[in-house]
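What follows is a single structure, written as structure tokens, with notes after it.
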Amino acid sequence: MIEKNGVALNELLDNGFILVHMTGMRQSKSEFIRAIENGTLNYFSEELRESSTVVHKDFVQFVGRSVVEAAVFGGGRHTWRLQLDIKYAFIGGDWLISEAVASTW
8 MIEKNGVALN
18 ELLDNGFILV
28 HMTGMRQSKS
38 EFIRAIENGT
48 LNYFSEELRE
58 SSTVVHKDFV
68 QFVGRSVVEA
78 AVFGGGRHTW
88 RLQLDIKYAF
98 IGGDWLISEA
108 VASTW
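Letter 92 of the sequence shown, counting from 1, is numbered 99 in this note's numbering, and no numbers are missing.
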């Protein structure tokens, strides 16, 4: 995301991927990648502070709390305490991100 690498993001995200922003807005895989590439979402740095991983029957859940510096949706550059609750699913022989829910902590 920091490098705006849409090719790498495309490989990491399941085709049915959904990002739920802290505002409740939902973005599909293609919308999210396009927003990264066109500068609607600009990420500058991320510092992981804590994380946990839980293995469920059908998916793996990773919850990470980070301090993120970003400028999003035309706003100025700010620092947020961002939590991402990410689900990984084993699809076609690969672990892909199927959903990410953002919130603050």
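Built from N, CA and C at the ideal position, the CB exists for glycine as well.
Spatial neighbours of residue i within its chain, please: CB distance less than 6 Å, with the 5 preceding and 5 following residues excluded, ordered by chain position.
i	result
Trp-112	Arg-72, Arg-88, Gln-90
Ser-59	Val-70
Ile-25	Arg-33, Glu-106
Val-61	Gln-68
Arg-84	Ala-78
Glu-53	Ser-73, Val-75
Glu-57	Arg-72
So is residue i buried or exposed if we call it buried at 16+ other beta carbons inside 10 Å?
i	result
Glu-106	buried
With the cut-off set at 8 Å, would you say residue i and residue j are in Cβ contact?
i	j	result
Tyr-50	Val-75	yes
Gln-68	Asp-101	no
Val-27	Ala-109	yes
Asn-22	Lys-36	yes
For my contact list, residue i and residue j are in at a C-beta cut-off of 8 Å; report their separation, rounded to the angstrom.
i	j	result
Ile-104	Leu-20	5 Å
Checking the sheet assignment: what are the DSSP bridge partners for residue i?
i	result
Leu-103	Ala-96
Val-70	Ser-59, Asp-92
Trp-112	Paired residues: none, contrary to the question.
Leu-48	Val-79
Once the 5 residues before and after residue i are set aside, which same chain residues still bring their CB inside 7 Å of it?
i	result
Asn-17	Ile-40
Ile-43	Met-8, Lys-11, Gly-13, Leu-16
Phe-80	Thr-47
Tell me whether residue i counts as near the ligand GTP, meaning its Cβ is closer than 7 Å to at least one heavy atom of that ligand.
i	result
Ile-104	Ligands displayed in this structure: none; no statement on the ligand GTP is therefore possible.
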